[in-house]
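A.B. asks:
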Amino acid sequence: MKKILFFAAALLVMISVKAQNTPFDHVEPPFWWAGMKHEKLQLLIHGDDISHLEPKTDAPGVVIEQVRRVSNPNYLFIDLDIAEAKAGNVVFHFHDKSTRAIIDLEYEFRVREEGSAEREGFSSEDVMYLLMPDRFANGDPSNDSHPDMREKADRNNPNGRHGGDLKGIIDNLDYISDMGFTALWLNPYQENNNPEYSYHGYAITDFYNTDPRIGTNEDYLELVELSHQKGMKVIMDYILNHSSLYHWFIEDLPAENWIHQHEEFTYSNFRGSAISDPYASEFDLNQMLTGWFDRHMPDLDQRNELLSTYLIQNTIWWIEYSGIDGIRLDTQPYPYKEMVADWAERIFYEYPEFNVVGEAWLQKEALTAYFQETSRGKHYNSNIPSITDFPLHGAINNGLRDSEGWNTGLYAIYYTLAQDFVYPDPFKNVIFLDNHDVDRFSFLTKQDMEIYKMGVAMILTMRGIPQVYYGTELLMDGDKNRGHGFIRQDYPGGWENDKTSAFTGEGLDKNVLEAQAFMKRILNWRKNSEVIHHGSFKHFLPVDQVYLYAREYNGESVIVIVSKNNSNVKFDYSRYQEVLGGAVNAEDIINDSRVNLNDFTILPRSVYILEIK
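Following this note's numbering, the numbering of the sequence shown begins with 27 at its first residue and continues without gaps.
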């Protein structure tokens with residue numbers, strides 16, 4: 027049996043709990059569907075010393091094409107042709123030649139939901155609300171700790187589990203919807219049975235089941251269904267790069283090349299630029315791809331065909347099972363790029379209107395663009411339509427705080443957008459002020475209300491697909507240097523006996539209420555603005571610390587004005603004539619007033635969203 031070379035001895039002796047009545051501990055996927063476009067299915071069967079068994083079936087429409095055995099005798103991989111499979115139960119007979127025993131395994135093929143293949147993914151019509159399930163709301167205190175889970179709840183530990191769960195999210199869907207969000211992105215909810223840091227969800231111990239401290243698979247289905255009823259889409263956070271040391275297939279490796287192994291523990295160099303760099307050394311590229319993200323996160327080797335098939339099927343299983351509308355791919359540059367492209371291709375083969383956003387945490391525009399589908403990257407197409415726009419994130423965070431210079435301040439934002447030509451489609455970029463991995467926007471801006479309003483207005487009206495991190499609407503701050511737990515704090519009102527509540531407004535100070543109302547107003551206006559959803563983008567060089575851009579669609583226009591000037595600035599009507607089209611009147615969306623552009627003064631440190639009439 028293959029072992030990870032540097033595993034602690036205690037980890038090596040851990041075993042999975044057996045299912046009753048069969049020698050099989052795991053059968054994955056646990057079920058599938060008849061009528062999928064892809065006509066193949068691979069079953070992973072795991073149990074003590076089962077590789078000598080010979081599976082057979084006489085079920086109509088299901089053909090065993092190949093049985094694959096690996097170096098670990100505890101695994102069988104069964105390749106099936108299911109082109110003619112019908113909904114119902116299929117029986118596989120596992121023959122033991124040495125004892126002449128036959129072990130039967132019943133496997134289910136389900137009926138697909140009507141219209142499943144035609145579901146529409148998220149788009150620039152949407153605004154995502156990103157939340158961490160453990161930190162949003164505790165709807166069921168009874169599941170905060172679980173007897174089978176290594177880590178128990180401890181709300182006093184910033185890096186511990188705090189008890190948030192799916193029921194807490196379900197209970198507050200009306201709040202999220204009323205705020206004006208149209209898509210919900212949850213950090214991973216699958217089982218993370220780790221002794222510490224299990225709250226964030228990124229070290230999965232079971233790819234097919236929800237962490238019991240967060241809820242059940244059925245709870246997740248309910249969340250998706252209720253979100254859809256309220257007009258909101260749901261986006262799953264998916265991880266191809268790594269799992270947990272405590273995942274059962276890590277504790278009992280199918281083969282040495284299931285993960286990347288080193289004589290001594292080796293971190294990734296975290297330099298995603300090595301993937302696209304035409305001059306990258308093999309040493310740097312190899313460390314980027316094979317080094318581990320963290321000591322408790324084994325780095326999966328997607329070159330292993332059995333593993334890549336497992337991950338692809340798991341992704342499609344969750345899409346079909348839960349009804350989600352999109353996926354955010356964690357750490358896109360870290361898995362092998364060829365496998366990422368295959369993974370995305372398979373998704374869109376089954377669901378052509380679906381959407382995927384890849385997390386490419388790179389600060390340069392060209393490096394980021396490489397990971398978007400049909401990029402100009404040499405000989406590579408990721409097949410992933412959307413990409414996280416970290417360059418714009420950095421430009422807005424710095425540009426709104428820094429003093430004005432040749433390429434600083436508002437010019438940092440201007441120059442970043444001026445490089446949009448490197449992206450295949452910048453209007454599909456996911457744009458954001460902050461997220462669960464970076465300093466909170468209000469920490470960096472010292473809760474400056476004017477800068478907050480500029481940032482929110484820009485992120486909700488610029489080209490791209492906006493994403494808002496939970497609590498940004500409340501001026502929640504958090505310094506990453508203090509630890510990740512401080513940028514992932516509990517949402518006020520999500521726990522019984524909280525002294526303040528974002529859901530009711532109880533105990534919130536006036537600045538927080540103002541910030542919340544400001545974002546809510548723009549979000550709900552944006553829901554019905556086709557100009558923002560589909561409009562072109564044009565901007566002007568910042569002058570007098572004033573930056574203006576316009577969105578135009580079907581003869582309608584919206585202009586956004588951002589002023590960092592500490593004094594009044596007279597609106598230069600003639601300079602902006604090309605986006606005004608001779609119009610002199612505009613509706614001020616933020617202030618709910620009418621503006622005469624011929625006699626308009628831009629107030630100090632202000633932002634305007636103007637519908638041209």
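Think of the CB as a built atom: it goes at the ideal place given N, C-alpha and C, for glycine as much as any other residue.
Less than 7 Å between the beta carbons of S527 and P450, yes or no?
C.D. replies: Counting from one through the sequence shown, the residue named residue 527 turns up at place 501. Counting from one through the sequence shown, the residue named residue 450 turns up at place 424. The answer is no: Cβ separation not under 7 Å.
A.B. asks: Per DSSP, H268 forms a beta bridge with which residues?
C.D. replies: Along the sequence shown, read from residue 1 onward, the residue named residue 268 stands at position 242. Partner(s): D325.
A.B. asks: Exposed or buried, what is D278 when buried is set at 16 or more other beta-carbons lying within 10 Å of its beta-carbon?
C.D. replies: Numbered from 1 along the sequence shown, position 252 holds the residue referred to as residue 278. Flag for D278 reads buried.
A.B. asks: In terms of alpha-carbon separation, which member of D204, R136, Q571 lies closest to W551?
C.D. replies: The residue given as residue 551 occupies position 525 in the sequence shown. Of D204, R136, Q571, the residue nearest in Cα terms is D204.
A.B. asks: To the nearest angstrom, how far is the alpha carbon of L38 from that of Y215?
C.D. replies: Taking the sequence shown and counting its residues from 1, the one referred to as residue 38 is at position 12. Taking the sequence shown and counting its residues from 1, the one referred to as residue 215 is at position 189. Below a pLDDT of 50, predicted positions are generally treated as unreliable, and L38, at 28, falls in that range; the measurement from the model is reported next regardless. Near 26 Å, if we compare the C-alpha coordinates of Y215 and L38.
A.B. asks: Give the DSSP-derived three-state secondary structure of V39 in the structure shown.
C.D. replies: Looking up residue 39 in the sequence shown gives position 13. The pLDDT assigned to V39 is 27, lower than 50, so where the model puts this residue is not dependable; a value taken from the coordinates is nonetheless given after this. DSSP places V39 in coil when its eight states are reduced to three.
A.B. asks: The beta strand (DSSP E) that contains L131, what's its start and end?
C.D. replies: Position 105 of the sequence shown, counted from the start, is the residue given in the question as residue 131. Segment 127-136, the beta strand (DSSP E) holding L131.
A.B. asks: In three-state DSSP terms, what is L629?
C.D. replies: As a first step, residue 629 must be located in the sequence shown, where it is residue number 603. Coil, per DSSP.
A.B. asks: Three or more C-beta pairs under 8 Å: does that hold for the region 569-585 against the region 448-468?
C.D. replies: With a cut-off of 8 Å, the region 448-468 and the region 569-585 do not count as touching, because too few Cβ pairs lie within range.
A.B. asks: Taking only three categories from DSSP, how would you classify Y101?
C.D. replies: Indexing the sequence shown from 1 puts residue 101 at position 75. Strand.
A.B. asks: Which residues does DSSP pair with R354 in a beta bridge?
C.D. replies: On the sequence shown, residue 354 is found 328 positions in, with the first residue counted as 1. Beta-bridge pairing links R354 to D263, V383.
A.B. asks: If you drop the 5 nearest sequence neighbours on each side, which residues of the same chain put their C-beta closer than 8 Å to that of G490?
C.D. replies: Residue numbering aside, residue 490 sits at position 464 when the sequence shown is read from its first letter. Cβ within range, chain order: S150, D415, L418, P452, F453, K454, N455, V456, I457.
A.B. asks: What are the complete beta strand (DSSP E) segments, minimum 3 residues, inside the region 126-212?
C.D. replies: Listed in chain order, they are 127-136, 154-157, 209-212.
A.B. asks: Measure the Cβ-Cβ separation of I104 and P81 and say whether it is below 7 Å.
C.D. replies: By 1-based counting over the sequence shown, the position of residue 104 is 78. By 1-based counting over the sequence shown, the position of residue 81 is 55. Cβ atoms of I104 and P81: closer than 7 Å.
A.B. asks: Quick one: Cα of N622 to Cα of A612, how far?
C.D. replies: On the sequence shown, residue 622 is found 596 positions in, with the first residue counted as 1. On the sequence shown, residue 612 is found 586 positions in, with the first residue counted as 1. Taking the straight line joining both Cα atoms gives about 7 Å.
A.B. asks: Comparing alpha-carbon positions, which option in L192, R176, T357, V89 lies nearest H273?
C.D. replies: On the sequence shown, residue 273 is found 247 positions in, with the first residue counted as 1. Selected option, being the one with the closest Cα: R176.
A.B. asks: Do you know how far the Cα of V250 is from the Cα of E244?
C.D. replies: Residue mapping note: residue 244 aligns to position 218 of the sequence shown, counting from 1. Residue mapping note: residue 250 aligns to position 224 of the sequence shown, counting from 1. Cα to Cα, the separation comes out at about 10 Å.
A.B. asks: For the region 223-235 and the region 317-324, state whether three or more C-beta atom pairs, one from each stretch, are separated by less than 8 Å.
C.D. replies: The answer is yes - the region 317-324 touches the region 223-235, with three or more Cβ pairs under 8 Å.
A.B. asks: I need the DSSP call for K506, collapsed to helix, strand or coil.
C.D. replies: Locating residue 506 in the sequence shown gives position 480, where the first residue counts as 1. Three-state result, K506: helix.
A.B. asks: Can you name the start and end residues of the alpha helix (DSSP H) that F309 belongs to?
C.D. replies: As a working mapping, residue 309 is identified with position 283 in the sequence shown. From DSSP, the alpha helix (DSSP H) with F309 extends over 308-316.
A.B. asks: Name the DSSP bridge partner or partners of G114?
C.D. replies: By 1-based counting over the sequence shown, the position of residue 114 is 88. Answer is F135.
A.B. asks: Does the Cβ of Q287 have 16 or more other Cβ atoms within 10 Å, making it buried, or fewer, making it exposed?
C.D. replies: Walking along the sequence shown from the start, residue 287 turns up at place 261. Label assigned to Q287: buried.
A.B. asks: How is the beta strand (DSSP E) around H52 delimited, first residue to last?
C.D. replies: As a first step, residue 52 must be located in the sequence shown, where it is residue number 26. Element bounds for H52: 52-54.
A.B. asks: Classify V137: buried if its beta carbon has 16 or more other beta carbons within 10 angstroms, exposed otherwise.
C.D. replies: The residue given as residue 137 occupies position 111 in the sequence shown. Looking at its Cβ environment, which holds fewer than 16 other Cβ atoms inside 10 Å, V137 is exposed.
A.B. asks: What residue does the alpha helix (DSSP H) around K363 start on, and which one ends it?
C.D. replies: In the sequence shown, residue 363 corresponds to position 337, counting from 1. K363 -> alpha helix (DSSP H) spans 363-376.
A.B. asks: Check each candidate in G533, V586, G403 and name the one with the smallest Cα separation from D614.
C.D. replies: Counted from its first residue, the sequence shown places residue 614 at position 588. Closest option to D614, Cα to Cα, is V586.
A.B. asks: Check whether the region 498-509 and the region 217-225 touch, using three or more Cβ-Cβ pairs below 8 Å as the test.
C.D. replies: In short, these stretches do not touch, since the Cβ pair count stays below three.
A.B. asks: Between P378 and L332, how many whole angstroms is the CB-CB distance? I'm expecting something under 8 Å.
C.D. replies: Working through the sequence shown from its first residue, we reach residue 378 at position 352. Working through the sequence shown from its first residue, we reach residue 332 at position 306. About 27 Å; that fails the 8 Å criterion.
A.B. asks: Run through DSSP, which three-state label would T526 get?
C.D. replies: On the sequence shown, position 500 is the one that residue 526 refers to. In the structure shown, T526 sits in coil (DSSP, three-state: anything other than H, G, I, E or B).
A.B. asks: Would a C-beta distance cut-off of 7 Å place K259 and F374 closer than the cut-off?
C.D. replies: If you number the sequence shown from 1, residue 259 lands on position 233. If you number the sequence shown from 1, residue 374 lands on position 348. Taking 7 Å as the Cβ cut-off, K259 and F374 do not qualify as a contacting pair.
A.B. asks: Roughly how many angstroms separate the alpha carbons of I195 and T341, rounded to a whole number?
C.D. replies: Residue 195 sits at position 169 when you count from the first residue of the sequence shown. Residue 341 sits at position 315 when you count from the first residue of the sequence shown. Going from the Cα of I195 to the Cα of T341 covers about 23 Å.
A.B. asks: With S583 as the anchor, note down where its alpha helix (DSSP H) starts and where it stops.
C.D. replies: Taking the first residue of the sequence shown as position 1, residue 583 is located at position 557. Taken as a continuous stretch (DSSP letters only), S583 belongs to no alpha helix (DSSP H), being part of the beta strand (DSSP E) at 582-589.
A.B. asks: Going by DSSP, what residue range makes up the alpha helix (DSSP H) through V250?
C.D. replies: On the sequence shown, position 224 is the one that residue 250 refers to. Per DSSP, V250 belongs to the alpha helix (DSSP H) from 243-255.
A.B. asks: Report the residue from Y437, D535, P411, T394 whose alpha carbon sits nearest the alpha carbon of Y573.
C.D. replies: As a first step, residue 573 is located in the sequence shown; it is residue number 547 there, counting from the start. Closest by alpha carbon: Y437.
A.B. asks: Would you check if the distance between the CB atom of N409 and the CB atom of A370 is smaller than 7 Å?
C.D. replies: Numbered from 1 along the sequence shown, position 383 holds the residue referred to as residue 409. Numbered from 1 along the sequence shown, position 344 holds the residue referred to as residue 370. In contact: N409 and A370 (Cβ atoms closer than 7 Å).
A.B. asks: For the putative contact between Q355 and Y264, defined by C-beta atoms under 8 Å, what is the C-beta separation to the nearest angstrom?
C.D. replies: If you number the sequence shown from 1, residue 355 lands on position 329. If you number the sequence shown from 1, residue 264 lands on position 238. Per the sequence shown, the amino acid found at residue 355 is Leu instead of Gln. Between Y264 and L355 the Cβ distance is about 6 Å, and since that is below 8 Å, they are a contact.
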